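First residue of the sequence shown: 1, per UniProt numbering; consecutive thereafter.
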Amino acid sequence: QSAPVGRTPFVAPGPLSPPGPLTPHRAGYPQPEEPDMSFVDRLRHEWESGGGANPSRFVYLNIKPQLERDVFNPYHVQVVPHADCDPNRYLTMSAHGVTMFRNGEADFTSLDEWQREHKVFRGIVALPFFKKFRTWKTFHFWKRFIRRTTVAKYKQHLEDNLFFLNNELRHTLLHVRQLCLTIEKLPMYR
């Protein structure tokens, strides 16, 4: 059971703390379709109201698994305990920013920049070109497949039924055509 994004987050005072009493999976909130970034504001408010931003307070985040038909959204994250972090790719979020760990390498982004990039990402994905791209791509390849199979079918039909493409009859047809042209040049047909 994964913790939904946008609900009461699991906030740990340190990296190995057990989950508190109001973890999202205990609260039973439904999974939202679009990631809700208001939880970032709630985390920021909670951290800052506790006597200023404490650099040792952070949460672990995993990128939610998405269906193959869905557009990949790196901002669709869920709060998880340390034990459930994907060791190859996970994030930590503090009052200062988001750090992405990928294959042992860390990349830090400030929280304001991360939220701005999320807004830009949503704007780009909402463009009609990107919204319709998967449908267009599927249609394009289907149309190309139909065209190729149709051409191959008629090509085979011509090879089977057109005498001129038959190796055995081609030489005979050319010879008959040459004889007809020779006869046509004779004076009695002018």
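C-beta: ideal position from N, C-alpha, C; glycine also.
Just so we're clear, the structure is a prediction, and the values are computed from it rather than from any experiment.
Could you work out which residue in the options is closest to residue i when comparing CA atoms only?
| i | options | result |
| --- | --- | --- |
| His-118 | Val-176, Cys-180 and Pro-74 | Pro-74 |
| Asp-41 | Asp-86, Trp-114 and Asn-103 | Trp-114 |
| Pro-81 | Leu-61, Thr-99 and Phe-121 | Leu-61 |
| Ala-106 | Asp-112, Ile-63 and Thr-92 | Thr-92 |
| Pro-87 | Ser-94, Asn-103 and Gln-78 | Asn-103 |
| Leu-43 | Asn-161, Lys-185, Ala-95 and Lys-132 | Ala-95 |
Could you tell me the boundaries of the beta strand (DSSP E) in which residue i lies?
| i | result |
| --- | --- |
| Val-120 | Looking at the DSSP string, Val-120 is not in any beta strand (DSSP E); the run it does join, the alpha helix (DSSP H), is 111–125. |
| Arg-89 | 89–94 |
| Asn-62 | 58–63 |
| Gly-97 | 97–102 |
| Val-80 | 77–80 |
Tell whether a beta-carbon distance below 8 Å holds between residue i and residue j.
| i | j | result |
| --- | --- | --- |
| Phe-72 | Tyr-90 | no |
| Thr-109 | Gly-97 | yes |
| Thr-165 | Leu-173 | The amino acid occupying residue 165 in the given sequence is Leu; Thr does not appear at that position. No. |
For the alpha helix (DSSP H) holding residue i, just list the boundary residues, first then last.
| i | result |
| --- | --- |
| Gln-156 | 128–161 |
| Gln-178 | 167–184 |
Please tell me whether, using a cut-off of 7 Å, the distance from the CB of residue i to the nearest non-hydrogen atom of the ligand ADP is below it.
| i | result |
| --- | --- |
| Val-71 | No copy of the ligand ADP occurs in the structure displayed, which carries no ligand at all. |
Review point. Would you say the segment 138–150 touches the segment 120–128, given that touching needs at least three Cβ pairs under 8 Å?
Key: no
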